[in-house]
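Participant:
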Amino acid sequence: MTTKVLACIDASPYAEAVCDYAVWAAKALDSAMSVVHVLDKAQHTHTPDLSGSIGLGSQELLLQQLAELDEKHSKLALQRGRSILDAAKARAEQSGVKAVDERLRHGQLIETLAELEDETRLLVLGKRGFSSAEAHGHMGLHVERVIRSIQKPVLLTQQRYKLPQRIMFAYDGSATALKGLQMLAASPLVQGLPVHLVMVGADVEAARAQMQAAAEILRSAGFETKTAIVAGEPETALNQYQQEHVIDLMVMGAYGHSRIRQFIVGSTTTAMICKAKCSLLILR
Numbered sequence: 347m348t349t350k351v352l353a354c355i356d357a358s359p360y361a362e363a364v365c366d367y368a369v370w371a372a373k374a375l376d377s378a379m380s381v382v383h384v385l386d387k388a389q390h391t392h393t394p395d396l397s398g399s400i401g402l403g404s405q406e407l408l409l410q411q412l413a414e415l416d417e418k419h420s421k422l423a424l425q426r427g428r429s430i431l432d433a434a435k436a437r438a439e440q441s442g443v444k445a446v447d448e449r450l451r452h453g454q455l456i457e458t459l460a461e462l463e464d465e466t467r468l469l470v471l472g473k474r475g476f477s478s479a480e481a482h483g484h485m486g487l488h489v490e491r492v493i494r495s496i497q498k499p500v501l502l503t504q505q506r507y508k509l510p511q512r513i514m515f516a517y518d519g520s521a522t523a524l525k526g527l528q529m530l531a532a533s534p535l536v537q538g539l540p541v542h543l544v545m546v547g548a549d550v551e552a553a554r555a556q557m558q559a560a561a562e563i564l565r566s567a568g569f570e571t572k573t574a575i576v577a578g579e580p581e582t583a584l585n586q587y588q589q590e591h592v593i594d595l596m597v598m599g600a601y602g603h604s605r606i607r608q609f610i611v612g613s614t615t616t617a618m619i620c621k622a623k624c625s626l627l628i629l630r
């Protein structure tokens with residue numbers, strides 16, 4: 347089965363950036379692209395359930411009117427979904443991606459992505475979706491569940507697209523982080539871009555040896571690599587490094603050991619994603 351870059355598009359302000367990052371990835375990976383929009387009835391139907399408070403005399407008429415209103419909401423959501431997908435496909439094709447298909451699905455996002463997982467090479471979605479687009483300083487309702495559930499790399503975008511020119515890999519010396527580093531080195535996604543390899547912890551001989559070995563993997567694959575060991579809490583230290591060095595894309599493994607394990611799969615995941623000022627590539 348041919349795998350694709352999958353772009354999750356909704357009506358949020360993140361939609362254009364998601365599309366543009368997916369275009370960038372599809373070109374870099376020489377991959378086909380799918381744009382997906384999921385119609386979740388709970389999100390696009392706003393009619394309240396008043397059946398328990400409707401008087402006996404008017405109950406039948408009002409229930410019928412409520413049903414008709416629900417149907418109108420559903421039709422409008424369907425039309426909007428098709429329009430969003432058409433616009434995303436046109437944007438991708440105008441940017442030079444030749445193979446773009448559209449997927450309009452009814453149901454829930456997580457279940458839909460699970461169904462499409464086998465044909466997904468990279469999943470691209472916004473840091474927040476339509477229902478939480480203005481909740482600045484927070485991440486979307488589904489983001490952590492997607493990262494936990496989907497066993498494919500996930501690219502979380504900011505609201506504005508910025509062509510990646512500097513990459514940062516958050517490295518903790520674990521076997522999982524090493525695997526992620528090898529994945530990055532072997533992938534054409536960021537070939538040719540300088541990579542900052544950053545570890546949070548004490549600057550001791552053992553840590554420096556780990557960083558040297560990790561850097562050699564990247565350099566052997568042709569990457570210009572800079573290493574740094576920084577002190578502090580991971581979510582604070584990494585985001586501070588990212589801003590100081592104008593990093594465009596932060597890369598990390600979905601699972602790790604030491605303190606980084608906690609922020610990738612636990613409560614600090616939220617803090618890391620929320621504080622990040624650049625897009626994040628989560629490797630699996």
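One gets my numbering by counting positions in the sequence shown from 1 and adding 346 to each. Note that the Cβ used here is the ideal one computed from N, Cα and C, for glycine as well.
1) Please name the residue in Gln-504, Ala-433, Leu-527 whose C-alpha comes closest to that of Leu-636.
2) Under three-state DSSP, which class holds Ile-355?
3) Leaving out five residues on either side along the sequence, give the residues of the same chain with a beta carbon under 6 Å from the beta carbon of Lys-291.
4) According to the neighbour-count rule (16 or more other Cβ atoms, all chains shown, within 10 Å of its Cβ), is Ala-531 buried or exposed?
5) Taking only the alpha-carbon atoms, compute the straight-line gap between Ala-438 and Glu-590 and give it to the nearest angstrom.
6) Nearest to Ala-353 by CA position, among Asp-376, Asp-464, Pro-510, Gly-472, is which residue?
7) So for Lys-508, helix, strand or coil by DSSP?
8) Between Gln-454 and Ser-625, which are expected to be in contact by the criterion C-beta below 8 Å, what is the C-beta distance as a whole number of angstroms?
9) Among the candidates Ala-434, Ala-363, Gln-440, Arg-494, whose CA atom is the shortest distance from the CA of Ala-460?
10) From Leu-314 to Asp-464, what distance separates their C-alpha atoms?
11) Considering only DSSP beta bridges, list what His-383 is partnered with.
12) Against chain C, with Cβ distances strictly below 7 Å, would Thr-522 count as a contact?
13) Could you please give me the residues that DSSP links to Met-637 through a beta bridge?
14) Less than 7 Å between the C-beta atoms of Leu-629 and Pro-534, yes or no?
15) Could you check where the alpha helix (DSSP H) with Arg-467 kicks off and where it finishes?
16) Are the CB atoms of Arg-474 and Val-382 nearer to each other than 7 Å?
17) Please report the straight-line C-alpha distance between Val-351 and Glu-406, rounded to a whole angstrom.
18) Would you please state the rounded distance, in angstroms, between the beta carbons of His-488 and Leu-385? I believe it to be under 8 Å.
19) Taking its Cβ as the centre, do 16 or more other Cβ atoms sit within 10 Å of Lys-444, making it buried, or is it exposed?
20) Taking the alpha-carbon of Leu-462 as reference, which of Gln-497, Glu-570, Lys-435, Pro-580 has the nearest alpha-carbon?
21) With H, G and I counted as helix, E and B as strand and the rest as coil, what does DSSP make of Arg-498?
22) Can you tell me where the alpha helix (DSSP H) holding Ala-462 begins and where it ends?
Facilitator: Let me lay it out:
1) An answer regarding residue 636 cannot be provided, because it is not within the stretch 347 to 630 covered by the chain.
2) It is coil, neither helix nor strand.
3) What the structure shows of the chain is the stretch from 347 to 630, and residue 291 is not part of that stretch, so it cannot be assessed.
4) Buried is the call here.
5) About 32 Å.
6) Ala-353 has its Cα closest to that of Gly-472, out of Asp-376, Asp-464, Pro-510, Gly-472.
7) In the three-state reduction of the DSSP assignment, Lys-508 falls in the coil class.
8) Wrong, their Cβ atoms sit about 24 Å apart, outside the cutoff.
9) Closest option to Ala-460, Cα to Cα, is Arg-494.
10) Missing from the structure shown is residue 314; the chain here goes from 347 to 630 and no further.
11) BP columns for His-383 point to Leu-450.
12) The structure shown has no chain C; it contains just one protein chain.
13) The structure shown has nothing for residue 637, since the chain only spans 347 to 630.
14) Between Leu-629 and Pro-534, the C-beta gap is not smaller than 7 Å, which leaves the two residues out of contact.
15) Unbroken run through Arg-467 is the beta strand (DSSP E), 466-472; no alpha helix (DSSP H).
16) It is not a contact, given that the beta carbons lie outside the stated cut-off.
17) Rounded to whole angstroms, the separation of the alpha carbons of Glu-406 and Val-351 is 48 Å.
18) Not quite, the Cβ-Cβ distance comes to about 14 Å (not below 8 Å), so this is no contact.
19) Answer is exposed; the Cβ neighbour count stays below 16.
20) When each option's Cα is compared against that of Leu-462, the closest is Gln-497.
21) The question names Arg, but residue 498 in the sequence shown is Lys. Three-state DSSP puts Lys-498 in coil, outside helix and strand.
22) Checking the sequence, you will find Leu at residue 462 rather than Ala. Unbroken run through Leu-462: none, as it is neither H nor E.
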